[in-house]
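Here is the structure we will look at, set down as C-alpha cells.
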Amino acid sequence: MIALGTCHLTRRFGGFTAVDAVSFNLLPGARHALIGPNGAGKTTFVNLLSGALPASEGQVMLFGQDITHLPQHARVRAGLARTFQVNQLFPQFTPLESVTLAIGEREGQGATWWRGARHGAEAARLLDDLHFPEADRTRPTAELPYGRQRLLEIALALALKPRVLLLDEPAAGVPPAESREVMQAIAALPRDVAVLLIEHDMDLVFRFAERITVLAFGAVLADGEPDAIAKDPRVREAYLGTAEVAHG
Amino acid sequence: APRLVQAQSGNFRIGLILPMTGPFASTGRQVDAGIKAWLRRNGESVAGRRIEILLRDDTGTQPDVTRRLAQELVVRERVKALAGFGLTPLALAAAPIATEAKVPMVVMAAATSVIVQRSPFILRTSFTLPQATAPMAQWAAANGIRNVATLVTDFAPGLDAERAFKNRFTAAGGRIALELRTPLRNPDYAPFLQRVRDAAPEALFIFVPSGEGAALMKQFAERGLAQAGIRVIGTGDVLDDDILNEMGDVTLGAITSHHYSAAHDSAENRAFLESYAQVLPNVRPNFMAVGGFDGMHLIAEALKRTNGNDDGERLVAAAKGLSWTSPRGPITIDANTRDIVQDIYIRRAERRDGQIWNIEFDRIPQVRDEG
Amino acid sequence: MRIALHALPWLVAIGAYFAMPEQLPLLSAIAIAALFALSLDLLVGYAGFVTLGHAAFFGLGAYVAGILGQQGWGEPISGLLIAAAVAALLGLVTAPLVLRAGELAGLMVTLGLGLMLYEAANKAAFLTGGADGLQGVEIWPVFGAFRFDLWGRTAYLYSLAVLFVLFLLAQLLVRSPFGLSLRAIRENPKRAAAIGIPVKRRLAAAYVIAAAYAGVAGALLAQTTQFASLDALSFQRSAEGLLMLVLGGLGTLYGALIGAAAFTIAHHTLSEASPQFWQFWLGIALVALALLGRGGLMGALRRMTRR
Amino acid sequence: MADPLLFIENLSAGWGEGLVLEGISLRVEEGQALALLGRNGAGKTTLINTLMGIARQRGGAIRLAGTVLDRLAPERRATLGLGWVPQERAVFRSLTVAENLTAVARPGRWDEKAVYALFPRLAERRRNLGSQLSGGEQQMLAIGRALMLNPRLLLLDEPLEGLAPVIVQGLLFAIQRLVRDEGMAAILIEQHATQILPITDQAVILDRGRIVAKGASSQMLAEPALLERHLGLSLH
Amino acid sequence: MTAFLSVLLDGFASGMLLFVLSVGLSVTLGLMNVVNLAHGAFGMVGGYVCVVLLNRMGVPFPLALAGATVAAGVLGLVLERTLYVRLYRRDHLEQVLFSIGLVFVLGAAVDWFMGARQQLIQLPDWLSGRVEFWGVGLGRYRIFLIAVCGALVAALHLGLVRTRFGAQLRAAVDDGVVARGMGLPVPRLFALTFTLGSALAGLGGALGVEVLGLDPTFPLKYMVYFLIVVAVGGTNTVIGPFVAALLLGIVDVLGKYYVPEVGAFIIYTAMVVLLLARPHGLLKRADA
Ligand SMILES: Nc1ncnc2c1ncn2[C@@H]1O[C@H](COP(=O)(O)OP(=O)(O)OP(=O)(O)O)[C@@H](O)[C@H]1O
Ligand SMILES: Nc1ncnc2c1ncn2[C@@H]1O[C@H](COP(=O)(O)OP(=O)(O)OP(=O)(O)O)[C@@H](O)[C@H]1O
Ligand SMILES: [Mg+2]
Ligand SMILES: [Mg+2]
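Protein chains in written order, with the working numbering: chain A, 38 to 285; chain B, 3 to 373; chain C, 667 to 973; chain D, 60 to 295; chain E, 14 to 301.
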C-alpha cells in the first residue's frame, strides 16, 4: 500500500513548467525528505498534493484513492495535512484559539452553530507537547516572535492528526535547539504517519530522513537512501555544494 | 398614550415634505420658495391663526422615509395639513397616513393621475400629465402634424404622458411612428435619438422630468434632427423655466404645452414674480413654484372658510370647489375629484430681451385630468 | 456587570417606548435598520465578505411580505418567515456566482446582481407596482390582537421583538465553531482551507443566513409601513447599511445596533434642523469618525471603558 | 576619535507602548561585520527595525557616520546608507523581479547585472512577479534589492533562511568579500551561529532585549559553553 | 449600416467619456489601493469650476478645462496631505466611511454656493454640431472626447504604469513600510499620485458637463459606473479600465438602440458576465 503517490504530476505557469511529470511514492510511516535547489518546484509540488493549486496534468493518489480533483478540505478530511513555507496563520486569533479551531474541524464540528467551541483542553495538551510557552498561547498571533509563529504553523498541522504530513521548511527561522525539539515531536508521531519534509538544513534532513528525493528543474534528479544521495555527484553539484553532511 | 389633541387656537401647523436634497432637490427648492412667496405676499396669519411651516426633506427617493415623516408630523408635531410631495411614489406612500389621521394632504408637485384617488383627503394644486399632454396632441393634429415619435422617461408620469398623447393624437387621426422609453437613471439619449432620426417622423413628442430636458435638447440639436425636418413638441417639463435660459438656442422654436410659464402675462403673475424674487433672487419660478404658491393659497382659503377650525374633514370640504385666479390663470379644485382644473397653454420658446422664455400663443381653457 | 452591559441596549430600547411615545416611527425605523446592519455584520464583519448588493435581499423580503399582504395573506409572522425563506433561496442561488469571482470582482458581482434585481422589479410593474411602489398592502394584527396603529406602537414593539430574537440567534451563531470558522476564513482563507474548512461552503452558508436576515428586515419594513417600493432594492440602501455597520464597528453585533441608531438619529435630527444642508453636517460627522475612531463607535466605546 | 560607522548608545526601543530592548550599546566600524545572535523573541529583529526607524525608539542614541538617526524617517535612513533585508523578505509582490531591483536602485557598484551575477536564478526569473517566486528566490531578491541601494551598512535579518546549501555558501562568501574588499559593513542575524561566526568580526548575543555577551567572533566560536548557555545550542 | 456605424461611434465616444471620468479612480483605487468613493466629488468640483470659468468669467473652453483640472488637483493635494494620509493604512471599509462623508460635505458645499439646479454650458462653435464622414455622422464634441481620451490613455500608460515611478508607486502600495525602508519617498509618491487622480477626476467632470449635466448629486449618481469600469478593467493598469469603459459604453449604447425595452439590464448583465469570466480584470488571466 502506498500512502501518497503521484503519477506524472505536472504544473505549468504560462509557458513555465514548475513541476514536470513527477512520479513519486510516499510509503505509510515514511520519514521522507524532499530537497532541491531554490525554485526546483518543491513548494509547488506540495501545493499540488494538498490541492492548493490544481494540477495541469497527472494524478495524485491518497491511500489508493484518486484525489486529483478533490478540494483542499476534502483532502484534509482524508488525512492529508501540510504546513506552509511562508507562515499562513490567523493573525488576530490566539494560538490556543487557532489550534482549538483546527481540532474542531478535524472532529467535524465546524458547522455546529448552536453551542460554543470545545476541545480547548486537547489544544492545550498539544501545545504542551510542542513546548509552546504558556504566556504566548493567549496573545494574538500577529504579536508573537517569528520563531513562535513557525511553531504554531506546525501545531496546526499536527492538530489535524494526519496520516500524511507535508512539512515545507518547518525549521526555517527556528533556532537549531528548538528545531531539533520540533523534529523530535514529529519523529515521535505514530509510526503509521507518513511524513514528507522539505528542508534546506542538511543537518536536520540527514538526521531525520530514511529516504530522500531530490528535485531539480521540476523533475526528480535522484531518489534513494541518504548515504547514496549525499555521495551523488549530481546532487552535490546542483544542491549541496561542498557542505559537510552530518550523519545522524 | 398619545392622542390627537383638537386644538382650535394657536399656530396652524403645516407639515411640508419635499425633496430638498438629492436628484430632485430643485423641485423642493421651487415649491418651498413658492410657499414662502405666498406668505410674504399675504402675511403669515390666516383666520386668526399663525401659519407655521415644518419643512422636512424626503431626499426624493425614499417612500418609506416620506411615510415616516408624514407619520411623525401628524403624531408628534400635530400638523393639521400635509403638503408638498415631489414625486408620485412618495405621495402614494404618504396617502394612507392622511386618511388615517384625517388631515388634508395638498399635492403641490407630483403629477400622476391616480394620486388623488388614494385618499379622500388629497387635494392637488400641481397638474397631471394627461392634462398637460392631451392639448399638445390636439394642437399637433390640428396643425398638420400627422406622424409623431414619442420619447418619454420610463416611470409613471412618463407612461401617463405617453398614453395620453397616443390616445388623443390617434383619435385625431395622427399616427405614432415610434414609441421610446428612456431609463430614469443614466439616460444617454444618443441611441434613442438615432432611432428617431431613422424613423424620420414629422415631430418628436417628449416628456422627461424637469432638468433632463437640457441634455435631450442638446443631443437633439447635435444629431441634426432639426435639419432632418423633425420638430420638437412636448410638455412644459422639458423646457423648465428653472433652466430654460441656460439651455440656450437649441430650445428656440420648440413647442410645448403646460399650465404655467413665467412669461404668462397677467397682474397676478407679475405680483407673484415680484414676491418670488424676494425669496429666491436670480431664480426664475417654474411650474413647481406656482404649485406651491397655489397650494398655500388653497390651504389658507379653506382655513378662512372654516373660520380657523382645523378639523381635517371640514378643511377638505371647504377646499372642494374653490376657484381663484392664480399666477397661471383661472383654476378650480374640482369638488368631486379634488383635482385641479386649469387652462393649458401652448407655448413657443423664443428670445425676448436677451432671455429665452416660453411664450404662450394658444390656450385650451379649463382642462380636466382625463387620466 | 457583563450581563448588565449586554442588557443595556435592550433596556434603552424598551425605555424609549415609554419615554418617547411620539418618536415610535423613528424608533421602528432604527430597529429595522439595525436588523439590516446586523445581517451585514454576519457577512462583512465576521466572514469578511463585503457586499454592495445586500439590498437585493432586503427588497426581496419587503416585496414578498408586501405582496402576501396585498394578495390577502396579511398574517405578519408567517409573512416574515416566508420572506426569510425566499430571500435565503435567492442567496442560495446567487452564492455560487458571487463566490466564484473572488474579492473585488465578487463585490462588484453583488452590486451587479442587486442592480439587476432593481431593474427587474421596476419592469415587473404588474407584480410590484413598478416605480410607484406596491399599493394596497394590508397586514393583519400581530397574534390577531395588535393592530398596526398610526402611532406606531405595535410596529415598534413587533420590530424590536424580532430584532431581539434574531440578535440572540446571531450571538449564538458567532460564538459557535461555525462562527469561529467564518472569522478564520476572514483572517486567512488559505490556512482555513488547509485545516479542512470548506471555505466556499461556509461562506455560502453565511451568505444565505445573511440573506435571510436581510429578508426579514425588509419584510418588517413592508409590514410596518404597509408599503414596499423600489428604493428597498436600491444601491443606496446597501450602501447605507454598510455605512451604519462601519460607523458602529464591524464584527461585534452590537456595533450594528449602535451604528444603525446613531446614523438614523443623526440623519433625522440634522435633516430636521437643516433640510437643505444636513448632508454637510452628517458628512463632517462621518469624516471625523473615520479619522478618529478605529473600529467605529464600538471601538471608541471599548477604548473608553478600558481607561 | 573619529565616529564609527554605526554608533548605538543606551538604546531602548519597542512596539507601541511595550518596551522590547533596553540599554543596548554597540558600534560597528566600516569594513566590519557583526553577528547578532539570540533566541526567538530576544529582540534581534526589533533592533534592526529600530535602526530602520520602524520599531519605536524610546531612548538612547543612534548615529550613522556621525549623523543622528533618532528622528529620521525610514527613507532618509535608507538614503544615508542603510540596506535592509527584512526577516519576512517582503519583496514587492506586484513588481517583477527586475522592477523590484530597479525601483530602489541607487548609483554604485551594485546594479542589476551584479545582482544577477550573484544570483543567476534571479536572472532566469527576471520577468516574474514578486508574488510568484519560490521562498528561496524571494530571499535572494530581498538581498539583491538591498544591495541595489549600494548601502554602507547592510542589515541582514536571517538572510540564509530558505536558501539551498550551495547558495548559502556562495552568499556567505560574497558577504565576506563585500566587507573585506569593498569596505561595506554588515549586521547579520542568523539562528545558526556557527554559520556566520566564521565570517564576522564581532558578535553580540541578545537575551530578552539586553546584551548578554559581546566579543570577537573567533573568540565566541571557541567558547561553545557560552553559546550553549545563551542560545541553547550544542555545536555538535 | 450607416446607422449602425453611427451608433457604434456614439458608443465609442460614450465609453471614452466613461473612461475619462473613471480613470482617476483607477489611479487612486487601482494603483494606490485607496477606496476613494469621493472620486466623483472631485469630478463634480472640476465640473463646477469649469462652469463658473466658462459662464461667469467668459474663459475659453480649453482654459476652463485646464482650470478644472488644476483646481481638482489642488483640492486633492490639500485633502491628501491633511486627511487621506491618515487613512492609507486603514481598513477599506473605513475608507468608504470617510470618502462617503466627504461626498456629503462637498455636495452640500457646492449646493450652498451654486444651488441644486442643473448647470449647463455652451460649447464654443468649433466643438458644437456634427460632421459627416461618408454618411456616418458624429458630433464634434464626441470627436474631441475621443481625441482627449486617446491621448490620456497613452500618456498614463507610458508615463505612469510602465515607468520607474509606476514601479515605485506599486512598491509603496504593496508594502509602504518596507518601501520606505528601501529609500522610496512614499508620502511624496502618494501625494503626487493622489493629486494626479484628483486632477483627472476634475478633467473628467469638466468634460462630462456637456453630456451628463451637473448638479450636486453627480458624485453619487455616477459612482456605480466608476466602480464598474475599474472592477471590470482590473487594477494595476490603465489599459484594462480603458478597454472596459469602451466595451461597456458600446454595449450600453448598442443595447439602447436595438433593444431599448430592456433598459439598464444590458450594462449590468455585461458587467456581471465580464466579472465572472475575468475576475482579475480584462487583461489578466485568472492564474497568472
Ligand atoms: N504563480 C506562479 N507563476 C509563475 N511562476 C511561478 C508561480 N509560482 C511559482 N512559480 C515558479 O515556480 C518555480 C518553483 O517554485 P517553488 O515555490 O515550487 O520552488 P521551491 O522548490 O519550493 O523553492 P524554494 O526552495 O526556494 O522554496 C519557481 O521558479 C517560481 O518562480
Ligand atoms: N510588529 C510587532 N508588533 C508588536 N510586537 C512585536 C512586533 N514584532 C516583534 N514584537 C515583539 O517583540 C519581541 C521581540 O521580537 P523580535 O521579533 O524582535 O525577536 P527576534 O529576536 O527577532 O526573534 P526571532 O528569532 O523569532 O525572529 C517579542 O516579544 C515580539 O512579540
Ligand atoms: Mg519552497
Ligand atoms: Mg527576528
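Here a beta-carbon is modelled for each residue, glycine too, at the ideal position from N, C-alpha and C.
Residue-level contact to chain D via CB, residue i, 7 Å cutoff
{"i": "Arg271 (chain A)", "result": "no"}
{"i": "Ala167 (chain E)", "result": "no"}
{"i": "Gln221 (chain A)", "result": "no"}
{"i": "Gln186 (chain A)", "result": "no"}
{"i": "Pro207 (chain A)", "result": "no"}
{"i": "Gly294 (chain E)", "result": "no"}
Below-7 Å beta-carbon distance, residue i vs any chain B residue
{"i": "Pro273 (chain E)", "result": "yes"}
{"i": "Leu783 (chain C)", "result": "no"}
Rounded distance between the beta-carbons of residue j and residue i, thought under 8 Å
{"i": "Arg269 (chain D)", "j": "Glu81 (chain D)", "result": "6 Å"}
{"i": "Phe209 (chain B)", "j": "Gly160 (chain B)", "result": "6 Å"}
Residue i at chain E interface by Cβ criterion, 7 Å
{"i": "Glu158 (chain D)", "result": "yes"}
{"i": "Val79 (chain D)", "result": "no"}
Limits of the unbroken alpha helix (DSSP H) element including residue i
{"i": "Pro958 (chain C)", "result": "Note on identity: in this sequence residue 958 (chain C) is Leu, with Pro being the wrong assignment. That run of the alpha helix (DSSP H) goes 944–958."}
{"i": "Gly120 (chain E)", "result": "105–127"}
{"i": "Met98 (chain A)", "result": "Element bounds for Met98 (chain A): not the alpha helix (DSSP H) but the beta strand (DSSP E), 94–99."}
{"i": "Leu206 (chain D)", "result": "194–207"}
Contact under 7 Å by Cβ, residue i with residue j
{"i": "Leu154 (chain D)", "j": "Arg201 (chain E)", "result": "no"}
{"i": "Cys63 (chain E)", "j": "Ala77 (chain E)", "result": "yes"}
{"i": "Gly196 (chain E)", "j": "Gly246 (chain E)", "result": "no"}
{"i": "Glu315 (chain B)", "j": "Pro132 (chain B)", "result": "no"}
{"i": "Gly210 (chain A)", "j": "Arg187 (chain A)", "result": "yes"}
{"i": "Gly203 (chain D)", "j": "Phe178 (chain D)", "result": "yes"}
{"i": "Pro199 (chain A)", "j": "Ala118 (chain A)", "result": "yes"}
{"i": "Gly112 (chain D)", "j": "Arg136 (chain D)", "result": "yes"}
{"i": "Val116 (chain E)", "j": "Ala54 (chain E)", "result": "yes"}
{"i": "Gly780 (chain C)", "j": "Gly714 (chain C)", "result": "no"}
{"i": "Asn788 (chain C)", "j": "Phe127 (chain A)", "result": "no"}
{"i": "Ala148 (chain A)", "j": "Thr137 (chain A)", "result": "no"}
{"i": "Gly297 (chain B)", "j": "Met110 (chain B)", "result": "yes"}
{"i": "Leu290 (chain D)", "j": "Ala272 (chain D)", "result": "no"}
Any chain C beta carbon closer than 7 Å to residue i
{"i": "Ala225 (chain A)", "result": "no"}
{"i": "Gly78 (chain A)", "result": "no"}
Within-7 Å CB hit, residue i to chain A
{"i": "Gly959 (chain C)", "result": "no"}
Element boundaries [beta strand (DSSP E), containing residue i]
{"i": "Glu46 (chain B)", "result": "No beta strand (DSSP E) contains Glu46 (chain B), which DSSP labels as neither H nor E."}
ask   = Which residue spans inside the region 245–272 of chain E form an unbroken alpha helix (DSSP H) run of at least 4?
value = Fully enclosed alpha helix (DSSP H) runs of 4 or longer: 252–271.
Whole runs of the alpha helix (DSSP H) within the region 306–364 of chain B, excluding any shorter than 4 residues = 314–321
message = Ignoring anything shorter than 3 residues, give me the beta strand (DSSP E) runs that lie fully in the region 212–252 of chain D, in order along the chain.
response = Restricted to the region 212–252 of chain D, the beta strand (DSSP E) segments that are unbroken, complete and at least 3 residues in length are 212–216, 244–248, listed in chain order.
ask   = Hey, which unbroken runs of the alpha helix (DSSP H) at 4 residues or more fall wholly within the region 856–884 of chain C?
value = none
ask   = Quick one: complete beta strand (DSSP E) runs, 3+ long, within the region 105–147 of chain A?
value = 117–119
task = Go through the region 106–130 of chain B residue by residue and report every complete run of the beta strand (DSSP E) that reaches 3 residues or more, in order.
result = 107–109, 124–126
ask   = Curious, which full-length alpha helix (DSSP H) runs of at least 4 residues does the region 805–854 of chain C contain?
value = 819–841, 843–853
message = List, from N- to C-terminal side, the beta strand (DSSP E) runs of 3 residues or more that fit wholly inside the region 159–239 of chain B.
response = 177–184, 205–209, 233–237
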